[in-house]
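**Q** Numbered according to the working numbering, the sequence shown spans residues 3 to 470.
Where a beta carbon is used, it is the ideal one built from N, C-alpha and C, also for glycine.
Here it is: the structure, laid out below.
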Amino acid sequence: MPIDDAIINPERTPIERGGITWVPLTLVVASLLLLAVVPMLVQSWIAEAREEIAVAAEPARPLVAMVRGSLDFEAAGARAFALTGDPEFASAHRYSQVRRIEAEAALLPLALRLGPAVHEPVCAMIAEVEAVDAALDSLYDGRLPRSAYRERSDATQARLQSVIERTATIDRLLADAADDRRRNIRSAERIGIALTVGLVALALVAALLVFRLGRRYRMTALRLEVRRVELERVTQSRARLIRGFSHDVKNPLGAADGFLALMEDGIYGPLSTPQSTSISKARRSIHRALDLIRYLLDLARAESGELSLHPVPLAIGELVQDVAEDFRAQAYTSHLALHCDVPENLPTIETDPDRARQVLANLLSNAIKYTREGSVAVRVGARPFDGGRDRREWIAIDVEDTGIGIPADQLRRLFTEFTRFRPEDADGTGVGLAISQRMAAALGGRITVVSEPGRGSTFTFWLPRRSR
Ligand code: ADP
């Protein structure tokens, strides 16, 4: 890559762009978070299941046994009371009924805690017990004569037996609910261990990746620093070389031009027409060489950061108009229309007017030079730069031509010095754009270009409203 390209478009690795590191970093953070959260969730789930066994499933079973015992006792008592009419049976029944109702009341919330599989059968059993209670109550309080009860006793006893069987079913359901929860606890413990081991492994792998990327990152940073220092060294030594060379060449060329000027003025006697033509051609060549030396000096200064800048508040519209007027005669001689569109309410900007003028003049001179027919238009306006990603306020100066255009594959080299695409089309040195781009950068801006071969080009000179 030429030095200039390296300066303007340094190649950046994905690490330099920060594109890779977020993956392992996210993995580390995510696995650490999961490592903290997953065991907590598993433990709280296990604790809840244990509590359901301890405070619901196990305490419910003695209550069911008590209901069952009471019902057994009440069935036998009812049979004996119907036969004997002994009031002792009635008071024993009441006592047993009260204990049973207490047990049922205590059982209901526990069944609810264990879910509908237990709660619904318990509710059904209690509803049935209440119906049997009503029948027995009417026997004991005399509303149903004992003789009548005896006739119907089979049905009541059968209902009592069915409720007693229900209690056996409920007891089994309670035992199953406790077993289910124990099984779930064992599975959750196994899953918790497997998850923790997996997450630890993931965190280790991600940490290893971060470590390796960190090492690569440091090495890349080191490589970049070495490259920067090397570039600086090369740029400085090239600037020194150009300064020395220019100085050594400029003086003899100036002296030669001086002598030729004296001859042209006839100091050494009159000149024949061929002599005078040759002398003017020689002087033109010397002036071109001196121009090139001046450009090279500017380039060297811009590259090594020695370009002196004097930013002042500037009415940029006036400057654009002024530069365009300077080129009106040249455009006219080249048979080109020159349009200049400067809106009235342009803001004042802070920049170095001489450097801004130099950049704009180069773009306009090129536009005229590389356009055979049609027009050149200069427009200026406030516009966001880089699709608005750069939030500063910008002024954009477009120089649009209907000229020969530039092939897309050449655009990247356009701002590298000594780049000339079709040298046969016009005189030139190939350093104007290189210098302009560096000057634009020194002013805090830059030059962008869109172009289509055969249709024309638009060079845009971007300037921030405030210098850095
Ligand atoms: P020079 O014009 O002295 O050759 P520049 O650095 O100004 O040097 O331009 C470099 C090259 O870019 C030119 O030689 C030309 O090939 C191309 N170029 C510059 N401006 C234009 C333009 N407006 N239209 C077409 N080509 C251009």
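Output the distance between the C-alpha atoms of PRO12 and ASP356, rounded to the nearest integer angstrom.
**A** Here the question's residue 12 lines up with position 10 in the sequence shown. Here the question's residue 356 lines up with position 354 in the sequence shown. In this predicted model, PRO12 has a pLDDT of only 43, less than 50, meaning its place in the structure is not dependable enough to derive any value.
**Q** So does the stretch 44-52 actually touch the stretch 179-190, counting three or more Cβ pairs closer than 8 angstroms?
**A** The stretch 44-52 is in contact with the stretch 179-190.
**Q** Is it the case that the Cβ atoms of VAL165 and VAL124 are separated by a distance below 8 angstroms?
**A** Stepping through the sequence shown from its first residue, residue 165 is reached at position 163. Stepping through the sequence shown from its first residue, residue 124 is reached at position 122. No, they are not a contact pair.
**Q** Provide the residue(s) that pair with GLY458 in DSSP beta bridges, ordered along the chain.
**A** What you label residue 458 is simply residue 456 of the sequence shown in a count that begins at 1. The partner list for GLY458 (beta bridge, DSSP) reads GLU454.
**Q** Report buried or exposed for VAL202, applying the criterion of at least 16 other Cβ atoms within 10 angstroms of its Cβ.
**A** Position 200 of the sequence shown, counted from the start, is the residue given in the question as residue 202. Label assigned to VAL202: exposed.
**Q** Tell me the DSSP secondary structure of PRO272 in three-state form.
**A** To locate residue 272, count along the sequence shown from 1; it is residue 270. Three-state result, PRO272: coil.
**Q** Within a Cβ cutoff of 6 angstroms, which residues of the same chain sit near VAL452, ignoring the five residues on either side of it in sequence?
**A** Taking the first residue of the sequence shown as position 1, residue 452 is located at position 450. Only THR460 meet the Cβ criterion.
**Q** Between the Cα of ALA291 and the Cα atoms of LEU321, ASP259 and LEU301, which residue gives the shortest distance?
**A** The sequence position of residue 291 within the sequence shown is 289, counting from 1. ALA291 has its Cα closest to that of ASP259, out of LEU321, ASP259 and LEU301.
**Q** Have a look at PRO466, LEU311 and ARG218 and flag the residue whose alpha-carbon is nearest the alpha-carbon of PRO386.
**A** Residue numbering aside, residue 386 sits at position 384 when the sequence shown is read from its first letter. When each option's Cα is compared against that of PRO386, the closest is PRO466.
**Q** Can at least three beta-carbon pairs, one atom from the stretch 220-235 and one from the stretch 56-75, be found at a separation below 8 angstroms?
**A** They do not touch, by the three-pair rule.
**Q** Short check: CB of SER377 to CB of HIS341, under 8 angstroms?
**A** As a first step, residue 377 is located in the sequence shown; it is residue number 375 there, counting from the start. As a first step, residue 341 is located in the sequence shown; it is residue number 339 there, counting from the start. Yes, the pair counts as a contact, with Cβ atoms nearer than the cut-off.
**Q** Could you say if the stretch 253-269 and the stretch 282-296 meet the contact criterion of at least three C-beta pairs nearer than 8 angstroms?
**A** Touching, per the Cβ criterion.
**Q** Give the C-beta separation of LEU197 and VAL40 to the nearest angstrom, bearing in mind that I take them to be a contact with Cβ-Cβ under 8 angstroms.
**A** Working through the sequence shown from its first residue, we reach residue 197 at position 195. Working through the sequence shown from its first residue, we reach residue 40 at position 38. Confirmed, about 5 angstroms.
**Q** In angstroms, rounded to a whole number, what distance separates the CA positions of VAL251 and GLU402?
**A** Residue numbering aside, residue 251 sits at position 249 when the sequence shown is read from its first letter. Residue numbering aside, residue 402 sits at position 400 when the sequence shown is read from its first letter. C-alpha separation (whole angstroms): 37 angstroms.
**Q** Three or more C-beta pairs under 8 angstroms: does that hold for the stretch 58-70 against the stretch 156-174?
**A** Yes: the two stretches touch, three or more of their Cβ pairs being nearer than 8 angstroms.
**Q** Please report the distance separating the alpha-carbon of ILE10 from that of GLY432.
**A** By 1-based counting over the sequence shown, the position of residue 10 is 8. By 1-based counting over the sequence shown, the position of residue 432 is 430. Reliability of the predicted coordinates at ILE10 is poor, the pLDDT of 41 falling under 50, and the value obtained from them is presented with this limitation in mind. Spanning the two alpha carbons is a distance of roughly 17 angstroms.
**Q** What residues in its chain sit with their C-beta under 7 angstroms from that of PHE247, if we drop five residues either side in the sequence?
**A** For the purposes of this step, residue 247 is identified with residue 245 of the sequence shown, where counting begins at 1. Excluding residues within five positions, none has a Cβ falling inside 7 angstroms.
**Q** Taking just the CA atoms, how far does TYR297 sit from ALA317?
**A** Looking up residue 317 in the sequence shown gives position 315. Looking up residue 297 in the sequence shown gives position 295. So the alpha carbons of these two residues sit roughly 27 angstroms apart.
**Q** Between which two residues does the beta strand (DSSP E) harbouring GLY383 extend?
**A** Counting from 1 along the sequence shown, the entry for residue 383 is found at position 381. Its beta strand (DSSP E) spans residues 377-384.
**Q** Cβ of ILE408 within 7 angstroms of any heavy atom in ligand 1?
**A** Numbered from 1 along the sequence shown, position 406 holds the residue referred to as residue 408. Under cutoff, so the answer is yes.
**Q** Rounded to the nearest angstrom, how far is the Cβ of LEU309 from that of ALA436, given a contact under 8 angstroms?
**A** On the sequence shown, residue 309 is found 307 positions in, with the first residue counted as 1. On the sequence shown, residue 436 is found 434 positions in, with the first residue counted as 1. The pair is not a contact, with the Cβ atoms about 13 angstroms apart (cut-off 8 angstroms).
**Q** In whole angstroms, give me the CA-to-CA distance for ALA84 and GLN99.
**A** Position 82 of the sequence shown, counting from 1, holds the residue named residue 84. Position 97 of the sequence shown, counting from 1, holds the residue named residue 99. If I take the Cα positions, the gap works out to 17 angstroms.
**Q** Rounded to the nearest angstrom, how far is the Cβ of LEU138 from that of HIS95, given a contact under 8 angstroms?
**A** As a position in the sequence shown, residue 138 is number 136, starting the count at 1. As a position in the sequence shown, residue 95 is number 93, starting the count at 1. Rounded, the Cβ-Cβ distance is 7 angstroms, consistent with contact.
**Q** Flag THR335 as yes when its Cβ comes closer than 7 angstroms to any non-hydrogen atom of ligand 1, and as no otherwise.
**A** Against the sequence shown, residue 335 aligns to sequence position 333. Incorrect: THR335 has no Cβ contact closer than 7 angstroms to ligand 1.
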